[in-house]
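Notes follow the structure.
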Ligand code: HEC
Ligand code: HEC
Ligand code: HEC
Ligand code: HEC
Ligand code: HEC
Ligand code: HEC
Ligand code: HEC
């Protein structure tokens, strides 16, 4: 009896049968598996059921793109907080942010991580001490910091401001207040995927094991595990499978792939992270209604500004990719951008006056005059009488005084 119980014959037979069935069907579906390739373990699963492979899985076949992508603002726009990713200083003397005449923040580095401690100035009484868990922003203009409380995500009060290389208050947070919930929409623009666990999909609760920080390959190309597995199993196939082709999309769909995050605040129709490349954005969210003066801001609206430009309207073909290589950090590469202008505005079609063109030959900087920088109205730091603002590049290509 005892022997019989301890030796589960039935289970072994059933198990062996199952294994046999599995191998037979698997081999039939994939008759030419020659390699010992195992399907990759997904790092997250989209709510539509498609799996994310993670960008390291792209390296074997797209290593050049992978390498340049690591240096982009997109890839670095959200990540775990550590001494290399937080741009602000923890040095005594530079680690304080005075909020008002009562409260100050001290940024503290300890063995267990990086913290923002708020206290009253007059008696140093501590108000709260919160860990900086997640960094938002590559640091081009600034950074904000998020704190996990269980599975809820909050924004902490003090941010980092790049133009002055100092700590500052987050836009809109003037008085001391409890951390502001970070809703899924915030991450929709700053991360590849975050599985929201609120019933409606809009709140600040997330599955912490299914967060993909940074704007990675699969943010723009969609969850790609099927593509990765397919090409590993079919190494000789040259045409891509299970991957949306940008070139096959309509102009509006190509624009939508960027407008998801570059068309300002939008009114959602469906929960964040529902939109995938190839979809029509208008079915997922509608543009914010605003008067004729489009506000220019850090949470920029490059899409709306560009679509108002005569280059965009008259060319019939222009989209974001006309000027931007989505896989490279091209900030400051004025020469490359000017070449894009000249590719359409070949002389004699360029009708800038001679005087202007003489100045051009020296600078040849079409962008500096026709897409000038404007100061941001929200990312501003006021210190005594000195006001410093980040500068934002307008995408309304026009003739400026
Ligand atoms: C085992 C090889 C392999 C891996 C791994 C792989 N790909 Fe590909 N991919 C291909 C091949 C082959 C093509 C078609 C030829 C080309 O465009 O380079 C392709 C094409 C593409 C295209 C262009 C589609 C088109 O037709 O315009 C995109 C986008 C793409 N891959 C994204 C990815 C991403 C993102 C990953 C990682 C998550 C990835 N690939 C991993 C083999 C691979
Ligand atoms: C998921 C949201 C999202 C999508 C989709 C997206 N972007 Fe961005 N983009 C951002 C964010 C956020 C930043 C700011 C990153 C930072 O500096 O932290 C940014 C920054 C940029 C920059 C500035 C880069 C720099 O060096 O400072 C360019 C250019 C850009 N995006 C172009 C595009 C284009 C073109 C597309 C479409 C192919 C696109 N983006 C799609 C969110 C997005
Ligand atoms: C609609 C999409 C969208 C949403 C929502 C959004 N952002 Fe952004 N954010 C952007 C884009 C796009 C940029 C880059 C803007 C530009 O250069 O025009 C940016 C820039 C930033 C920057 C400056 C990054 C840098 O290094 O220059 C910070 C910090 C930031 N966002 C924080 C946040 C936080 C925190 C939230 C949520 C509480 C949030 N954003 C919500 C799209 C968005
Ligand atoms: C900001 C959005 C964005 C990100 C992030 C992104 N791509 Fe792309 N990718 C595009 C767009 C847009 C195109 C189409 C470009 C074109 O048609 O000129 C493209 C084209 C491609 C192609 C085919 C054409 C080519 O250039 O070879 C491959 C392969 C590819 N991407 C792979 C990747 C991989 C791998 C990563 C991550 C390491 C990645 N992409 C990250 C937007 C993005
Ligand atoms: C895809 C082609 C294309 C590209 C790229 C392009 N343009 Fe244009 N642009 C046009 C067309 C077409 C017109 C309209 C010409 C007309 O109406 O005669 C135009 C018009 C203009 C005008 C006149 C605006 C007005 O309101 O009168 C300026 C200035 C201009 N472009 C500057 C630039 C600059 C600067 C760049 C580079 C940042 C650039 N363009 C890139 C196609 C392009
Ligand atoms: C120093 C500033 C400056 C630079 C640099 C500059 N432009 Fe202009 N551009 C102007 C001004 C001002 C006008 C309007 C007066 C005129 O037509 O000369 C103009 C007009 C234009 C027009 C419209 C002409 C029309 O008839 O509507 C185009 C197109 C244009 N520029 C393209 C370019 C291109 C392409 C470059 C780079 C090769 C460039 N510009 C460089 C200042 C500049
Ligand atoms: C006619 C060329 C052109 C087109 C088309 C274009 N851009 Fe740009 N974009 C530029 C130039 C030039 C810069 C400045 C780059 C720099 O500072 O080095 C820029 C900068 C940016 C930045 C950084 C802005 C800042 O203030 O730092 C973002 C974000 C961006 N572009 C997004 C987009 C998006 C999204 C689209 C499509 C809706 C688009 N661009 C279409 C030329 C273009």
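In the working numbering, the protein residues as written are 132 to 532. We put the beta carbon where it would ideally sit given N, CA and C, even for glycine. Because the structure is a prediction, the values reported are computed rather than measured.
Do residue 197 and residue 364 have their C-beta atoms closer together than 8 Å? The Cβ atoms of residue 197 and residue 364 lie no closer than 8 Å to each other.
For my contact list, residue 298 and residue 219 are in at a C-beta cut-off of 8 Å; report their separation, rounded to the angstrom. Residue 298 to residue 219, Cβ: 5 Å. Contact.
Buried or exposed for residue 315, please, with buried defined as at least 16 other CB atoms from any protein chain shown within 10 angstroms of its CB. Classification of residue 315: buried, given that the 10 Å Cβ count is 16 or more.
Euclidean distance between Cα positions of residue 367 and residue 382: Looking at the two C-alpha atoms, the distance is approximately 32 Å.
Quick test of the definition: if touching needs 3 or more C-beta pairs under 8 Å, does the stretch 394–401 touch the stretch 427–443? Yes, the stretch 394–401 is in contact with the stretch 427–443.
Measuring from the CB of residue 323, is there a heavy atom of ligand 5 at a distance below 7 Å? Residue 323 has its Cβ no nearer than 7 Å to any heavy atom of ligand 5.
Quick one, are the C-beta atoms of residue 258 and residue 287 less than 8 Å apart? Taking 8 Å as the Cβ cut-off, residue 258 and residue 287 do not qualify as a contacting pair.
First through last residue of the alpha helix (DSSP H) which encompasses residue 195: Residues 190–200.
Among 190, 248, 268, nearest to residue 291 - alpha-carbon criterion: The residue with the shortest Cα to Cα distance from residue 291 is 268.
Just to confirm my understanding: we take residue 139, look at its own chain, exclude 5 residues before and 5 after, and list those with CB closer than 7 Å. What are they? Low local confidence applies: a pLDDT of 48 at residue 139 is under 50, so the model's placement there is unreliable, with the coordinate-based value given in what follows. The answer is none, since no qualifying residue turns up.
Expressed to the nearest angstrom, what Euclidean distance is found between the alpha-carbon atoms of residue 229 and residue 214? Near 22 Å, if we compare the C-alpha coordinates of residue 214 and residue 229.
Taking residue 357 as the reference, which of 177, 175, 182, 176 has the closest Cα? Relative to the Cα of residue 357, the nearest Cα in the group 177, 175, 182, 176 belongs to 182.
Answer yes or no: the CB of residue 468 versus the heavy atoms of ligand 7, is any distance below 7 Å? It does: the Cβ of residue 468 is within 7 Å (strictly closer) of some heavy atom of ligand 7.
For residue 332, which residues from the same chain have a beta carbon less than 6 Å from its beta carbon, with the 5 sequence-adjacent residues on both sides left out? Residues 402 of the same chain have their beta carbon placed closer than 6 Å to that of residue 332, with the five preceding and five following residues left out of the count.
Reference residue 189, options 335, 371, 320, 245, closest by Cα: Out of 335, 371, 320, 245, the CA that lies nearest to the CA of residue 189 is found in 371.
How many whole angstroms separate the CB atoms of residue 341 and residue 324, which I take to be in contact at a CB cut-off of 8 Å? Taking 8 Å as the upper bound for CB-CB distance, residue 341 and residue 324 are in contact here, some 7 Å apart.
Does the beta-carbon distance from residue 452 to residue 385 come in below 8 Å? Yes, these two residues count as a Cβ contact at 8 Å.
DSSP beta-bridge partners of residue 461: Looking at the DSSP assignment, residue 461 forms no beta bridge with any residue, so it has no partner.
Taking all protein chains shown into account, decide if residue 165 is buried (16 or more other Cβ within 10 angstroms of its Cβ) or exposed. Bear in mind that the predicted position of residue 165 carries a pLDDT of just 45, short of 50, making it too unreliable to give a figure here.
Ligand 1 heavy atom lying under 7 Å from the CB of residue 189: Checking the Cβ of residue 189 against ligand 1 gives yes.
Assigned secondary structure, residue 435 (DSSP; H/G/I helix, E/B strand, else coil): Residue 435: helix per DSSP, three-state reduction.
Pick out whichever of 442, 410, 446, 344 has its Cα sitting closest to the Cα of residue 216. Closest option to residue 216, Cα to Cα, is 344.
Considering residue 286, what are the terminal residues of the beta strand (DSSP E) in which it resides? Run containing residue 286: 283–286, per the beta strand (DSSP E) assignment.
Could you tell me the boundaries of the alpha helix (DSSP H) in which residue 125 lies? For the chain, the structure presents residues 132 to 532; residue 125 sits outside this window and is missing.
Hey, would you say the C-beta of residue 335 is under 7 Å away from at least one heavy atom of ligand 2? For ligand 2, not one heavy atom lies less than 7 Å from the Cβ of residue 335.
Could you tell me which residues DSSP pairs with residue 523 in its beta bridges? Its beta-bridge partners are 505.
Within the same chain, show all residues whose beta-carbon is closer than 7 Å to that of residue 210, passing over the 5 residues directly before and after it, in chain order. These residues qualify, in order along the chain: 216, 266, 344, 345.
With residue 337 as the anchor, note down where its beta strand (DSSP E) starts and where it stops. Residue 337: member of the beta strand (DSSP E) spanning 337–344, first to last residue.
First through last residue of the alpha helix (DSSP H) which encompasses residue 321: Counting along the chain, the alpha helix (DSSP H) containing residue 321 begins and ends at 315–321.
From the DSSP secondary-structure annotation, give me the bridge partner or partners of residue 512. Per DSSP, 519.
If you measure from the CB of residue 530, is any heavy atom of ligand 5 nearer than 7 Å? Yes, ligand 5 has a heavy atom inside 7 Å of this Cβ.
Length of the line joining the Cα atoms of residue 455 and residue 528: For residue 455 and residue 528, the gap between their C-alpha atoms comes out near 15 Å.
Is residue 373 near ligand 4, going by C-beta to nearest heavy atom under 7 Å? No, since every heavy atom of ligand 4 falls outside the 7 Å radius drawn around the Cβ of residue 373.
How many Å lie between residue 443 and residue 202 at the Cα? Each residue's alpha carbon lies about 29 Å from the other.
Taking 7 Å as the cut-off, is the beta-carbon of residue 88 closer than that to any non-hydrogen atom of ligand 1? There is no way to answer for residue 88, as the model of the chain reaches only from 132 to 532.
Run the proximity test for residue 454: is its beta-carbon closer than 7 Å to any non-hydrogen atom belonging to ligand 6? Because no heavy atom of ligand 6 lies under 7 Å away, the Cβ of residue 454 does not count as near it: no.
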